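Below is one structure; the comments refer to it alone.
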Amino acid sequence: MSQQRKFFVGGNWKMNGSKQSIEGIAGFLKTGPLDPKTEVVVAPPTCYLEYTRKTVDAKVGVAAQNCYKVASGAFTGDISANMIKDLDCEWVILGHSERRNVFGESDQLIGEKTKYALSQGVKVIACIGEKLEEREGGKTEEVVFRQTQAIIENISADQWVSVVIAYEPVWAIGTGKTATPEQAQEVHEKLRTWLADKVSSEVAAAVRIIYGGSVNASNCKELATKGDIDGFLVGGASLKPDFVQIINARQN
Numbered sequence: 000m001s002q003q004r005k006f007f008v009g010g011n012w013k014m015n016g017s018k019q020s021i022e023g024i025a026g027f028l029k030t031g032p033l034d035p036k037t038e039v040v041v042a043p044p045t046c047y048l049e050y051t052r053k054t055v056d057a058k059v060g061v062a063a064q065n066c067y068k069v070a071s072g073a074f075t076g077d078i079s080a081n082m083i084k085d086l087d088c089e090w091v092i093l094g095h096s097e098r099r100n101v102f103g104e105s106d107q108l109i110g111e112k113t114k115y116a117l118s119q120g121v122k123v124i125a126c127i128g129e130k131l132e133e134r135e136g137g138k139t140e141e142v143v144f145r146q147t148q149a150i151i152e153n154i155s156a157d158q159w160v161s162v163v164i165a166y167e168p169v170w171a172i173g174t175g176k177t178a179t180p181e182q183a184q185e186v187h188e189k190l191r192t193w194l195a196d197k198v199s200s201e202v203a204a205a206v207r208i209i210y211g212g213s214v215n216a217s218n219c220k221e222l223a224t225k226g227d228i229d230g231f232l233v234g235g236a237s238l239k240p241d242f243v244q245i246i247n248a249r250q251n
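All residue numbers for the sequence shown refer to numbering that gives the first Met the number 0, where the first residue is 0 and numbers rise by one.
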């Protein structure tokens, strides 16, 4: 594993939470203790962004779960990167499989959103991943590379330091199924090799590629031993005290 890539663990709360539950999460994160070598970011629902930023420890980053590709306008129900910044939050998750497959967002739109967020100084957790039928059809690399290409086309060389790629096989999200550490490592390794060819060897070596898909306290340590897995994007388990164990997955 690369020592230059800081381990990264994100907690995607999805459409879950209340002020009371956020106080509980802030409490167990503060008690920790959290591995100081791990960067931690949590992503609450939009309506709790400001409350979360004020409640969790300052060393924990806060991400929005989505945003649009422009600063403002007639886009009912959406938010902009500028609004995320205005709330003193610094990250956004873009291209999550639920945005792609439930809400129908295209590769192109996700690329455009990435471009605008980065232009406003908001860092991006860019999600990619194949559905079960695509994996069974031998199309994992085709899908993952296509989705990543749309993101690449919207990132300048100096912006890669503000991007984390999250590989989340759709068939493993919230299903209880997890890609084996070997399956996850294989995709991460192939993606890094592909990035070296499509972008540069420097970017490929430095960019963090994290894994998401039913990560929990019992499987995180083995996943974390793989050389090209630089952390996790965690769903349901990020709402529970077990999240601390996942953050500390690289510790003995």
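Heads up, the beta-carbon is just placed ideally off N, CA and C, and yes, glycines get one too.
Bear in mind the structure is a predicted one, so any value in this text is a computation, not a measurement.
What does DSSP give as the partner residues of Lys122 in its beta bridges?
-> Trp90
Mind checking Met14: buried by the 16 CB within 10 Å criterion, or exposed?
-> exposed
For the 8 Å Cβ check, are there 3 or more pairs between the segment 26-40 and the segment 71-84?
-> no
Along the chain, where does the alpha helix (DSSP H) that runs through Asn100 open and close?
-> 96-100
Any idea what DSSP makes of Thr177, helix, strand or coil?
-> coil
Taking the beta strand (DSSP E) that Thr224 falls in, what are its first and last residues?
-> Element bounds for Thr224: n/a, residue is neither H nor E.
Could you check where the alpha helix (DSSP H) with Thr30 kicks off and where it finishes?
-> 18-30
Which of helix, strand or coil DSSP assigns to Ala195 = helix
Same chain, Cβ closer than 7 Å to Asp106, neighbours up to 5 away in sequence not counted = Arg145, Gln146, Ala149
Whole runs of the alpha helix (DSSP H) within the segment 31-95, excluding any shorter than 4 residues = 48-54, 80-85
In the DSSP assignment, what are the bridge partners of Val186?
-> Val186 is not bridged to any residue.
When you compare only the Cα positions, how much space is there between Ile109 and Thr224?
-> 30 Å
Neighbourhood of Val40 by C-beta distance below 6 Å, restricted to the same chain and skipping five residues each side = Gly9, Gly60, Ala62, Trp90
Nearest CA to the CA of Ile164: which residue from Asp196, Ala203, Ala73, Thr139?
-> Ala203
When the Cα atoms are used, what is the spatial distance from Asp196 to Ser79?
-> 32 Å
Nearest-angstrom Cα separation, counted from Gly94 out to Lys5 | 22 Å
Quick one: measure Cβ to Cβ for Ala25 and Thr54, integer angstroms, because I've assumed they're closer than 8 Å.
-> 5 Å
Shortest alpha-carbon distance to Asn215 belongs to which of Val206, Ile208, Gly234?
-> Gly234
Below 9 Å between beta carbons: does that hold for Ile151 and Val198?
-> yes
Considering only the beta carbon of each residue, do Thr45 and Ile21 sit closer than 9 Å?
-> no
Quick one: what's Arg207 bridged to in DSSP?
-> Val163
Contact under 9 Å by Cβ, Ile280 with Arg191 | It is not possible to answer for residue 280, since the shown part of the chain is limited to 0 through 251.
What is the rounded straight-line gap between the Cα of Val206 and the Cα of Ser71?
-> 30 Å
Closest residue to Val123 among Asp34, Ile228, Lys18, Lys114 (Cα-Cα distance) = Lys114
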